[in-house]
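These notes concern the structure reproduced below.
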Amino acid sequence: MPRTLVRVYRDADFEQVERLWRKVFPADPPRNHAANSIPRKLAHQPELFLVAEREGAVVGTTMAGYDGHRGWLYSVAVARRFRGEGVGQMLVHAAEERLRALGCIKINLQIRNGNEAVAGFYRRLGYDEDRVISMGKLL
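Each residue of the sequence shown is one higher than the last, beginning at 132 in this note's numbering.
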């Protein structure tokens with residue numbers, strides 16, 4: 132099996148990441164599209180934007196963030212044909228290591244209601260459901 136490398140995002144990855152996110156997150160609102168999300172992420176902790184690369188192709192992504200209190204995972208995406216091969220696990224573990232190195236002791240993430248396959252993935256990685264209500268406000 133070809134080797135998968137997890138590394139920090141590079142500007143040259145944009146088109147591949149955009150294409151991956153369109154397939155993995157087809158219902159995402161425009162504010163989450165690559166053209167909007169990537170520049171914002173690159174302005175804040177760009178070292179926490181990771182891609183999984185196999186034979187020169189981007190096959191997965193994750194973004195992480197840390198505010199000094201909690202860490203967050205966002206945009207964990209793996210191309211369909213590479214699912215079940217450990218790519219997502221590699222990305223999550225790499226983000227966890229970087230967050231731990233910053234002093235983070237708790238990581239949060241959000242999953243859309245009804246996405247049991249993704250919930251199961253995170254449970255297998257040791258994540259538990261927090262009994263909270265997630266709220267947000269668009270500015």
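Quick reminder that beta carbons are idealized off the backbone N, C-alpha and C, glycines included. Note that this is a predicted model, so its numbers are computed, not measured.
| Check | Outcome |
| --- | --- |
| The segment 149-159 in contact with the segment 245-264 per 3-pair CB rule at 8 Å | no |
| Glu260 to Pro133 span [Cα, whole Å] | 34 Å |
| Limits of the unbroken alpha helix (DSSP H) element including Val155 | 145-155 |
| Asp144 classed as buried or exposed, judged by whether at least 16 other C-beta atoms fall within 10 angstroms | buried |
| Where Arg201 falls: helix, strand or coil (DSSP) | coil |
| Proximity below 8 Å, CB of Ala174 to CB of Leu222 | no |
| Met266 to Ile242 span [Cα, whole Å] | 13 Å |
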